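Below is one structure; the comments refer to it alone.
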Amino acid sequence: MTGCVNFILNNHDEIIAVGGEWDYFALANGAPELIGENVIGRSLVEFISGNVTRQFVLTILHTVRSTAQAIELDYRCDSPNERRFMRMQVSLDQSGDIHFLNTTLRTETRQHKVFISRAAQRSKNTSTRCSMCNLIKSLNDWIEPDLPGTSIHPETSELLVIYGICASCSSKLQRTSPAQQLNAS
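Under the working numbering, residue 294 is the last one in the sequence shown; the count climbs by one each step, no gaps.
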């Protein structure tokens with residue numbers, strides 16, 4: 110994927126349109142249930158894993174609506190084989206709809222394939238994954254999931270995660286928000 114994936118939310122945070130390479134991206138990532146016709150009319154929060162991540166996204170929406178200023182954030186949207194570095198632009202139009210434009214900046218091939226699965230609940234084998242930078246919380250730091258120090262299952266290369274936002278990514282939103290100091294945690 111080299112293009113853009115975009116979508117529009119109404120004032121109830123429901124997806125009212127998708128565009129760009131949305132369907133291609135969903136199908137290429139093994140998620141046919143997420144093609145446009147299956148997500149339009151549904152609330153964005155249905156597709157967000159983790160309370161911290163949900164609050165982070167709601168903070169972005171609130172900031173854009175309350176300031177009428179666009180926000181631009183860099184993030185990662187990785188696949189098992191590659192790291193995808195992306196940029197999200199979130200803006201408000203005159204009708205009050207919020208536009209998300211997601212552009213791929215670059216990709217990098219992983220050293221080792223990693224399959225990330227969302228854990229149903231936290232356990233001793235569950236890691237926390239930042240929803241923005243995709244790093245995994247280790248004992249002392251946030252690291253790439255394919256590096257030593259994560260709880261990757263040795264036979265399946267699967268990593269069970271819950272989602273959150275690391276302090277570095279949370280502070281990026283605070284710096285991006287000109288009108289107010291935000292706390293996404």
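All residues carry an ideal CB built from backbone N, CA and C; glycine is no exception. Treat the numbers as computed from the prediction; the structure is a model and nothing was measured.
- Message: Between the alpha carbons of residue 212 and residue 199, how many angstroms are there, rounded?
- Response: Whole-angstrom Cα-Cα distance: 12 Å.
- Item | Straight-line Cα distance separating residue 161 from residue 293 | Reliability fails at residue 293, whose pLDDT of 36 lies under 50, so the model's placement of it is uncertain and the value that follows must be treated cautiously. Approximately 7 Å between the Cα atoms of the pair.
- Message: Given this structure, state the Cα-to-Cα distance separating residue 236 from residue 189, to the nearest angstrom.
- Response: The alpha-carbon separation between residue 236 and residue 189 amounts to approximately 16 Å.
- Could you give the distance in angstroms between the alpha-carbon of residue 228 and the alpha-carbon of residue 152? C-alpha separation (whole angstroms): 22 Å.
- Message: Distance check for residue 132 and residue 249, CA to CA, integer angstroms please.
- Response: Distance from the CA atom of residue 249 to the CA atom of residue 132, rounded to whole angstroms, is 38 Å.
- Just checking, does the region 157-173 make contact with the region 271-281 on the three C-beta pairs under 8 Å criterion? Segments in contact, yes.
- Following the continuous beta strand (DSSP E) through residue 115, name the residue where it begins and the one where it ends. Unbroken beta strand (DSSP E) run through residue 115: 113-118.
- How close, in whole Å, do the beta carbons of residue 231 and residue 201 come, if the pair is a contact with beta carbons under 8 Å? Not really, about 36 Å apart at Cβ, beyond 8 Å.
- Message: For residue 253 and residue 138, what's the separation of their Cα atoms in angstroms?
- Response: Cα to Cα, the separation comes out at about 20 Å.
- Taking residue 217 and residue 191 to be in contact with their CB atoms under 8 Å, please state how far apart those CB atoms are, rounded to whole angstroms. Right, their Cβ atoms sit about 6 Å apart.
- Label residue 118 either buried or exposed according to how many other C-beta atoms from any shown protein chain fall within 10 Å of its C-beta, with 16 as the threshold for buried. So residue 118 ends up on the buried side.
- Message: I'd like to check one pair, residue 196 with residue 214: are the Cβ atoms closer than 9 Å?
- Response: Between residue 214 and residue 196, the C-beta spacing is below 9 Å.
- Using DSSP bridges, identify the partner residues of residue 226. Answer by DSSP bridge pairing, in chain order: 269.
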